[in-house]
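A.B. asks: Here it is, the structure in full.
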Amino acid sequence: MIESKATDYDTAIHSVARIFPQLAVQPLKVKQTAEEIRIKAGAPIIIRSGSENSILQTIATQSRIEECIAAFCRNSVHAYEKDIAGGFITLKCGHRAGICGTAVYSGGSIRNIKNISSVNIRIARQHTGTADSLVGLFEGLHASHGLLIAGKPLSGKTTVLRDLCRQLGGRYRISLIDERDEIAAVYDGVPTLDVGLMTDVFSGYQKDDGILRALRAMSPDYVFMDELGADSQRIIQLVNCGVGLVMTAHADSIDKLCENRQIRLLFDCGAVEHIAFIDNHRITAVTSVDSVCRKYAECCV
Amino acid sequence: MTGFIGFTLAALTGGCTGAFFSRRLSERCEILNCYIAFMQSMTAYIRYNGYRLSEILRKEQATCGFIISDKLINIAESGSDIRQEWNSCVDKNSSLRAQDRQVLYHLGEVLGKSDTEGEIASLSAAESRLRQCLQSAEEERSNKGRLYCTVGIMLGAAVGIILI
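Protein chains in written order, with this note's numbering: chain A, 5 to 305; chain B, 662 to 825.
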């Protein structure tokens, strides 16, 4: 658990504070360490800080949750339908409200979520300096052309990716594919978090589309994106164009990484040269893919 | 001479009163037309631009021809319930009839509550109901507009004659 400014918490609850006033009057310590606010119909609100839970006396109701959704969407559900179908709504300053309810399918894919019963507000924080030890990988003649930032959920992968983007964005041309608007936290067309001077933000693009357009339009030195999800062919195209790749993946060990077929393909095609493991917003290990492949040759073949 | 002036004034007052009521009929048509145009613009904004409600209201505020208050825009932006302020803005158009208001009140209840298709369907339904209101308003204007002026002048003249 790491502490941050209470203002992160305050901006995260800004839109729901009038619906649940108790959220606004929490002790400073809770505000500084809060990671999530879990609101579920018929249950008390829980503020999660690391492994500690603060359970409020306020019981959320279905109608209050609907009010929350209207507040997140700023009375414009139509403008957020893609987000809602994806299961989350990006709030100001990059906070994310995950939503859970009944899926409405159309044409084989989720078109909407109705009867929303749970909301989970994840508090985004910009911690500068978390990627300091990774910057060295991108310096000199043998600058890395591919970095995979791996860690378990809530370990701080996105925080490190954002800080690395901010630091490298001052010296390289970077295209940031921000599919979920959580890295640069683009709000009304303007990034609300610092992602670097020369960083172009492709906000809301799917990764495949974003990579293609970045290659065509912005001639980047590096493409940054959160969570692997692009087509392997598109990434190979990226590598063949000489563009470096920095991205994140859910995995807390090399074994877990090697279990992922798509990640193994990235190792094989040379898109990833280094892997950084993150835990609790800190870099715990940096290793080269060559050594991983040697060690896990059977797995990689 | 005094009698003539009194007659003229009474006739003019009656004529102006008739013209005022006739003008209200025209205003109703104009306001309904403005709301219909607003719904068409809104449909386009939602379908092609994905604008939020507050953005649409802000863009239309200066040119829509009816009242969109700053408070309404702020409430829409904050995510609070817009119904009360929307209804209050509708009520400021005094020439609208109860049936016109009902359509607009209902629109205020559903605005921003559903996805693109749902929003466009709601706007389309409200537009067709407003078109019916407009049709009846235009018929009323053509039937009663001149009648109000004429009756006003006649009544004014009658009062003038009585005064003489």
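Glycine included, C-beta positions come from ideal geometry on N, C-alpha and C.
Could you tell me if V194 (chain A) is buried or exposed, where buried requires 16 or more neighbouring beta carbons within 10 angstroms of its beta carbon?
C.D. replies: By the 10 Å Cβ count, V194 (chain A) comes out exposed.
A.B. asks: Determine whether the beta carbon atoms of T252 (chain A) and I120 (chain A) lie at a separation below 8 Å.
C.D. replies: For T252 (chain A) and I120 (chain A), no; Cβs fall outside 8 Å.
A.B. asks: Can you tell me whether C750 (chain B) sits near the ligand COA, meaning its C-beta is under 7 Å from at least one heavy atom of the ligand?
C.D. replies: The ligand COA is absent from the structure shown, which contains no ligands of any kind.
A.B. asks: Residues in the same chain with beta-carbon distance under 7 Å from L765 (chain B), minus the five sequence neighbours each way, listed in chain order, please.
C.D. replies: So the list reads Y696, V751, once near-sequence residues are dropped.
A.B. asks: Within the continuous beta strand (DSSP E) that includes Y712 (chain B), where are the two ends?
C.D. replies: Premise fails: Y712 (chain B) is in no beta strand (DSSP E) and is neither H nor E.
A.B. asks: Throw me the rounded Cβ distance for the I23 (chain A) and R68 (chain A) pair, which I believe falls under 8 Å.
C.D. replies: 6 Å between Cβ atoms; contact.
A.B. asks: So for N264 (chain A), helix, strand or coil by DSSP?
C.D. replies: In the structure shown, N264 (chain A) sits in coil (DSSP, three-state: anything other than H, G, I, E or B).
A.B. asks: Can you find the residues in the same chain that come closer than 8 Å, C-beta to C-beta, to C104 (chain A), ignoring five residues on each side of it along the sequence?
C.D. replies: Contacts found: G91, I117, I120, S121, S122, V123, N124.
A.B. asks: Taking C-alpha atoms, which residue in A:P48, A:V34, A:K44, A:E71 lies nearest to E56 (chain A)?
C.D. replies: Residue A:V34 is the option with its Cα nearest to E56 (chain A).
A.B. asks: Looking at chain A, which residues of the stretch 776 to 803 of chain B have a Cβ within less than 9 Å of any of its Cβ atoms?
C.D. replies: Result list: D776, T777, E778, G779, E780, I781.
A.B. asks: Taking the beta strand (DSSP E) that S179 (chain A) falls in, what are its first and last residues?
C.D. replies: Taken as a continuous stretch (DSSP letters only), the beta strand (DSSP E) holding S179 (chain A) covers 178 to 182.
A.B. asks: A64 (chain A) and I88 (chain A) look like a contact to me (Cβ under 8 Å); what is the Cβ gap, rounded to whole Å?
C.D. replies: That belief does not hold up - the Cβ atoms of A64 (chain A) and I88 (chain A) are roughly 18 Å apart, past 8 Å.
A.B. asks: Taking just the CA atoms, how far does R166 (chain A) sit from C3 (chain A)?
C.D. replies: Nothing in the structure corresponds to residue 3 (chain A), since chain A is present only between 5 and 305.
A.B. asks: Going by beta carbon distance, what residues of the same chain come within less than 6 Å of R52 (chain A), once the five residues before and after it are set aside?
C.D. replies: Hits under 6 Å: E39, E40.
A.B. asks: For T669 (chain B), I'd like the list of residues in its chain whose CB is within less than 6 Å of its CB, leaving aside the five on either flank, ordered along the chain.
C.D. replies: Cβ neighbours of T669 (chain B) beyond the five flanking positions: none.
A.B. asks: Do T162 (chain A) and E186 (chain A) have their beta-carbon atoms positioned less than 8 Å apart in this structure?
C.D. replies: Yes, Cβ-Cβ distance for E186 (chain A) and T162 (chain A) is below 8 Å.
A.B. asks: What does a CB cutoff of less than 7 Å around E738 (chain B) pick up in its chain, not counting 5 residues either side in sequence?
C.D. replies: Same-chain partners within the cutoff: S715.
A.B. asks: Straight-line CA distance for I127 (chain A) to V20 (chain A)?
C.D. replies: For I127 (chain A) and V20 (chain A), the distance between alpha carbons rounds to 13 Å.
A.B. asks: From A705 (chain B) to G144 (chain A), what does the alpha carbon distance come to, in whole angstroms?
C.D. replies: Spanning the two alpha carbons is a distance of roughly 52 Å.
A.B. asks: Can you check whether the C-beta of S756 (chain B) is within less than 8 Å of a C-beta belonging to chain A?
C.D. replies: Closer than 8 Å: no.
A.B. asks: Kindly say whether A671 (chain B), judged by its beta-carbon, lies nearer than 8 Å to any beta-carbon of chain A.
C.D. replies: Cβ-Cβ to chain A under 8 Å: no for A671 (chain B).
A.B. asks: Let me know if G111 (chain A) comes out buried or exposed under the rule of 16 or more other beta-carbons within 10 Å of its beta-carbon.
C.D. replies: When all chains shown are included, G111 (chain A) counts as exposed.
A.B. asks: On the DSSP letters alone, give me the boundaries of the alpha helix (DSSP H) that G762 (chain B) sits inside.
C.D. replies: The identity of residue 762 (chain B) in the sequence shown is Arg, whereas the question assumes Gly. R762 (chain B) -> alpha helix (DSSP H) spans 759 to 771.
A.B. asks: E85 (chain A) CB to nearest chain B CB: under 8 Å?
C.D. replies: It does; some Cβ of chain B falls within 8 Å.
A.B. asks: At which residue ranges does the stretch 32 to 113 of chain A contain complete beta strand (DSSP E) runs of 3 or more residues, listed in the order of the chain?
C.D. replies: Taking only runs of at least 3 residues, the beta strand (DSSP E) segments lying wholly in the stretch 32 to 113 of chain A are 40 to 44, 48 to 53, 56 to 63, 92 to 94, 100 to 110.
A.B. asks: How is L249 (chain A) classed by DSSP in three states: helix, strand or coil?
C.D. replies: Here L249 (chain A) sits in strand by DSSP.
A.B. asks: Could you have a look at N124 (chain A) and say whether DSSP puts it in helix, strand or coil?
C.D. replies: It is a strand residue.
A.B. asks: Measure the alpha-carbon distance for I717 (chain B) versus S295 (chain A) and round it to whole angstroms.
C.D. replies: For I717 (chain B) and S295 (chain A), the distance between alpha carbons rounds to 56 Å.
A.B. asks: Give every residue of the same chain whose Cβ lies closer than 7 Å to the Cβ of K753 (chain B), excluding the five residues on either side of it in the sequence, and list them in chain order.
C.D. replies: For K753 (chain B), where only same-chain residues beyond five positions count, the Cβ hits under 7 Å are I728.
A.B. asks: What is the C-beta distance between M700 (chain B) and A787 (chain B), in whole angstroms, given that I count them as a contact (C-beta under 8 Å)?
C.D. replies: Yes, they are in contact, since the Cβ atoms of M700 (chain B) and A787 (chain B) sit about 6 Å apart, within 8 Å.
A.B. asks: Could you tell me the boundaries of the alpha helix (DSSP H) in which I239 (chain A) lies?
C.D. replies: That run of the alpha helix (DSSP H) goes 236 to 244.
A.B. asks: Considering only residues of the same chain and omitting the five flanking positions on each side of S58 (chain A), which have a CB-CB separation below 6 Å?
C.D. replies: Cβ neighbours of S58 (chain A) beyond the five flanking positions: V34, I51.
A.B. asks: Have a look at A:I239, A:L180, A:P25, A:L141 and flag the residue whose alpha-carbon is nearest the alpha-carbon of D198 (chain A).
C.D. replies: Cα-wise, what sits closest to D198 (chain A) is A:L180.
A.B. asks: Use the C-beta contact count for Q26 (chain A): other C-beta atoms within 10 angstroms, 16 or more gives buried, fewer gives exposed.
C.D. replies: Looking at its Cβ environment, which holds fewer than 16 other Cβ atoms inside 10 Å, Q26 (chain A) is exposed.
A.B. asks: What three-state label does DSSP hand I823 (chain B) in the structure shown?
C.D. replies: Three-state result, I823 (chain B): helix.
A.B. asks: Under a three-way DSSP split, which group does D294 (chain A) fall into?
C.D. replies: In this structure, D294 (chain A) counts as helix in the three-state DSSP scheme.
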